[in-house]
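Trainee:
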Amino acid sequence: MTRTNLKQIQPRSLDEIKSLLQQHKPELSEKWKVKSLGIFGSYVRGEARKSSDLDLLVEIDDPKMGLLRFIALENYLSDLLGVKVDLVEKQALKPAIGRHVTEEVESV
Numbered sequence: 275m276t277r278t279n280l281k282q283i284q285p286r287s288l289d290e291i292k293s294l295l296q297q298h299k300p301e302l303s304e305k306w307k308v309k310s311l312g313i314f315g316s317y318v319r320g321e322a323r324k325s326s327d328l329d330l331l332v333e334i335d336d337p338k339m340g341l342l343r344f345i346a347l348e349n350y351l352s353d354l355l356g357v358k359v360d361l362v363e364k365q366a367l368k369p370a371i372g373r374h375v376t377e378e379v380e381s382v
C-alpha cells in the first residue's frame, strides 16, 4: 500500500472519523483483532488543527501482537483516515494519565 501524503489532506471532522471507523469495524476486528476503539485528545475537545494528530485508544484481543504489527495498524489507520494517528494501547496507560484519557474518550 502506498503511504498517503498526510500533509496534503485537510483535517476531518470528528463525525467523519467516527463514521469511517464504524464502516471499517469488521475489518479492524477480524484482521487486526481490535476489541475496542475510542477517540480522545484534541479532536474530542474540538481543538484539532491542521497539524494535529488523532489520538486513538485501542484494546487488542491478540496477546501475541508485536510492535511491528502494532505500528502497521497505526499506519493503516493513518492511511484510512487521512490524518496522522497516535495509537495508544489501553493496557499501556499509566493510572494518572489513564484516568484523564478515559474521562474524555469517545467510543467508536
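Residue numbers for the sequence shown follow this note's numbering, beginning at 275 and rising by one.
Glycine is no exception: its CB is placed at the ideal position from the N, C-alpha and C atoms.
(1) Count the C-beta pairs between the stretch 322 to 336 and the stretch 347 to 359 that are closer than 8 Å, then say yes if the count reaches three, no if not.
(2) Evaluate contact between the stretch 331 to 348 and the stretch 300 to 315, counting only Cβ atoms and requiring at least three cross-stretch pairs below 8 Å.
(3) Between which two residues does the beta strand (DSSP E) harbouring GLY312 extend?
(4) Which class does ASP327 belong to by DSSP, given the choice of helix, strand or coil?
(5) Is DSSP giving VAL375 helix, strand or coil here?
Mentor: Taking the geometry as given:
(1) yes
(2) yes
(3) For the purposes of this step, residue 312 is identified with residue 38 of the sequence shown, where counting begins at 1. Start and end: 308 to 314.
(4) In the sequence shown, residue 327 corresponds to position 53, counting from 1. Three-state DSSP puts ASP327 in coil, outside helix and strand.
(5) Looking up residue 375 in the sequence shown gives position 101. In this structure, VAL375 counts as helix in the three-state DSSP scheme.
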